[in-house]
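Asks: This is the structure I want to talk about, given as structure tokens.
Numbering (my numbering), first residue to last: 5 to 392.
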């Protein structure tokens with residue numbers, strides 16, 4: 005694994021860094037405080053015009069065709085400025101790749117350029133109210149009807165639930181006994197009759213409008229299925245190792261931002277006859293934070309590097325997904341405390357970063373689930389035998 009960016013990667017990193025510093029970071033708190041609960045569509049299109057959305061998607065569809073490491077570099081810079089806006093990059097890379105790998109040419113040509121340009125948001129419809137982390141145990145049905153399917157059921161914890169242009173929905177086309185092998189995936193436009201959305205009043209990440217999406221007798225043509233019938237879950241879930249590494253970088257970026265701000269603060273703030281930074285009780289937690297964040301960053305980029313070289317990376321992806329969010333939460337918390345009561349106010353961004361990042365200790369698999377995956381990769385199914 006290389007530790008130095010090439011010229012093209014460095015150029016994209018600088019473009020993303022500049023955009024984040026000038027357009028995102030100054031209004032990070034204000035975007036939540038306005039109460040509108042959405043990401044400005046014009047801001048999304050502006051990122052798209054700069055090539056900062058779906059850069060890893062094919063050039064034929066408007067992307068830059070870069071590798072996963074480069075997508076991670078962009079993710080880290082955007083999330084440094086605004087953790088929530090970086091969900092655009094995350095969902096574009098995940099959903100765009102799912103479409104490119106599994107959809108028909110017509111579906112790809114319709115949706116992927118919209119994702120890349122910032123004209124369309126495609127959501128992921130996997131989690132159900134009953135199942136949570138038991139993602140393969142779905143009850144939502146897709147019944148055959150003529151030359152298509154009828155969808156009925158509910159999906160929950162959907163990012164961009166009331167902002168999405170379309171949603172990739174996982175539904176059961178087989179029997180419950182088929183497990184993951186009886187699940188198919190479909191592209192469903194958000195404006196299809198019978199599709200309705202709501203949003204939750206979350207602790208953080210308010211502008212990504214997490215919520216539920218209901219499907220009531222929604223008719224979908226057969227050509228909007230992704231992959232083979234009954235194999236959508238198995239085929240598509242392979243891409244989640246990629247998104248877990250991106251999530252890791254999304255989480256450590258705001259933690260790095262809080263660290264950078266806190267180092268500056270403790271160097272300027274004086275107490276007991278000198279700057280706070282000279283006291284080990286203040287500087288050592290920050291030094292530990294720098295170490296842990298760097299370790300998490302390396303796990304994420306190792307995962308992306310292995311993915312780019314077509315090497316197994318499921319274990320590393322699970323490490324990135326549990327370690328990076330937890331580390332980010334701990335580091336941001338310490339930064340908040342280092343600022344004293346001013347850090348506890350909503351005037352500073354630490355409290356918002358803390359609330360925002362906590363959500364990804366849950367989303368896309370909890371730490372417990374990720375540790376089960378790591379154990380399974382090391383010793384096989386016996387690691388989760390107690391579930392049988």
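Even for Gly, the Cβ is constructed at its ideal location relative to N, Cα and C.
Could you compute how far the alpha carbon of residue 45 sits from the alpha carbon of residue 181?
Replies: Residue mapping note: residue 45 aligns to position 41 of the chain shown, counting from 1. Residue mapping note: residue 181 aligns to position 177 of the chain shown, counting from 1. Those two C-alpha atoms are separated by around 43 Å.
Asks: Return helix, strand or coil for residue 30, following the three-state DSSP convention.
Replies: On the chain shown, position 26 is the one that residue 30 refers to. Looking at residue 30 - three-state DSSP - the assignment turns out to be helix.
Asks: Return the CA-CA distance between residue 238 and residue 15, expressed in angstroms with no decimal places.
Replies: Indexing the chain shown from 1 puts residue 238 at position 234. Indexing the chain shown from 1 puts residue 15 at position 11. Roughly 37 Å separates the two Cα atoms.
Asks: Measuring alpha carbon to alpha carbon, tell me which of 70, 84, 54 ends up nearest residue 353.
Replies: Here the question's residue 353 lines up with position 349 in the chain shown. Looking at the Cα atoms, 84 is the closest of the given residues.
Asks: From the DSSP output, in three-state form, read off residue 387 for me.
Replies: Walking along the chain shown from the start, residue 387 turns up at place 383. Note: residue 387 maps to helix in three-state DSSP.
Asks: Rounded to whole angstroms, what's the CA-CA distance from residue 174 to residue 86? Just pull it up for me.
Replies: Counting from one through the chain shown, the residue named residue 174 turns up at place 170. Counting from one through the chain shown, the residue named residue 86 turns up at place 82. Each residue's Cα considered, the two are about 30 Å apart.
Asks: In the structure shown, what three-state DSSP assignment does residue 164 receive?
Replies: As a working mapping, residue 164 is identified with position 160 in the chain shown. Coil at residue 164, not helix or strand.
Asks: Report the three-state DSSP secondary structure of residue 140 (helix, strand or coil).
Replies: If you number the chain shown from 1, residue 140 lands on position 136. Residue state, collapsed to three classes: coil.
Asks: Please list, in chain order, all residues of the same chain as residue 116 whose beta carbon is under 7 Å from its beta carbon, the five residues on each side excluded.
Replies: For the purposes of this step, residue 116 is taken as the residue at position 112 of the chain shown. For residue 116, where only same-chain residues beyond five positions count, the Cβ hits under 7 Å are 61, 65, 100, 103, 104.
Asks: Could you say which of 326, 319, 230, 312 lies nearest to residue 112 if we only look at CA atoms?
Replies: Position 108 of the chain shown, counted from the start, is the residue given in the question as residue 112. Measuring from the Cα of residue 112, the nearest candidate turns out to be 230.
Asks: Evaluate contact between the segment 200 to 213 and the segment 143 to 159, counting only Cβ atoms and requiring at least three cross-stretch pairs below 8 Å.
Replies: The answer is no - the segment 143 to 159 does not touch the segment 200 to 213, with fewer than three Cβ pairs under 8 Å.
Asks: What span of residues does the beta strand (DSSP E) with residue 128 cover, start to end?
Replies: Taking the first residue of the chain shown as 1, we reach residue 128 at position 124. Here the beta strand (DSSP E) through residue 128 covers 126 to 129.
Asks: Comparing the C-beta of residue 121 with each C-beta of chain D, is any distance below 7 Å?
Replies: Judged by its chain identifiers, the structure shown contains no chain D, having just a single protein chain.
Asks: Compare the Cα-Cα distances from residue 94 to each of 273, 243, 374, 380 and report the closest residue.
Replies: Mapped onto the chain shown, residue 94 falls at position 90. It is 243.
Asks: Go ahead and pull the three-state DSSP assignment for residue 42.
Replies: For the purposes of this step, residue 42 is taken as the residue at position 38 of the chain shown. Looking at residue 42 - three-state DSSP - the assignment turns out to be coil, as it is neither helix nor strand.
Asks: For the candidate residues 211, 38, 217, whose alpha-carbon lies nearest to that of residue 160?
Replies: On the chain shown, position 156 is the one that residue 160 refers to. Residue 160 has its Cα closest to that of 217, out of 211, 38, 217.
Asks: In chain order, what residues of the same chain lie with their CB nearer than 7 Å to the CB of residue 365, ignoring the 5 residues before and after it?
Replies: Within the chain shown, the letter at position 361 stands for residue 365. Closer than 7 Å at Cβ, skipping near neighbours: 329, 330, 333, 371.
Asks: Buried or exposed: residue 258, going by 16 or more other Cβ atoms within 10 Å of its Cβ?
Replies: Taking the chain shown and counting its residues from 1, the one referred to as residue 258 is at position 254. Residue 258 should be labelled buried.
Asks: Taking residue 120 and residue 96 to be in contact with their CB atoms under 8 Å, please state how far apart those CB atoms are, rounded to whole angstroms.
Replies: Along the chain shown, one-based indexing puts residue 120 at 116. Along the chain shown, one-based indexing puts residue 96 at 92. Contact flag correct, Cβ pair sits at about 7 Å.
Asks: Measuring alpha carbon to alpha carbon, tell me which residue in 343, 312, 374, 308 is nearest residue 272.
Replies: Along the chain shown, one-based indexing puts residue 272 at 268. With distances taken between Cα atoms, residue 272 lies closest to 343.
Asks: Is it true that the CB of residue 166 sits closer than 7 Å to the CB of residue 200?
Replies: Taking the chain shown and counting its residues from 1, the one referred to as residue 200 is at position 196. Taking the chain shown and counting its residues from 1, the one referred to as residue 166 is at position 162. Going by C-beta atoms, residue 200 is not nearer than 7 Å to residue 166.
Asks: What span of residues does the beta strand (DSSP E) with residue 215 cover, start to end?
Replies: Within the chain shown, residue 215 is the residue found at index 211, counting from 1. Run containing residue 215: 215 to 225, per the beta strand (DSSP E) assignment.
Asks: Give the range of the alpha helix (DSSP H) segment to which residue 111 is assigned.
Replies: Here residue 111 refers to the residue found at position 107 when the chain shown is read from its first residue. Taken as a continuous stretch (DSSP letters only), the alpha helix (DSSP H) holding residue 111 covers 109 to 121.
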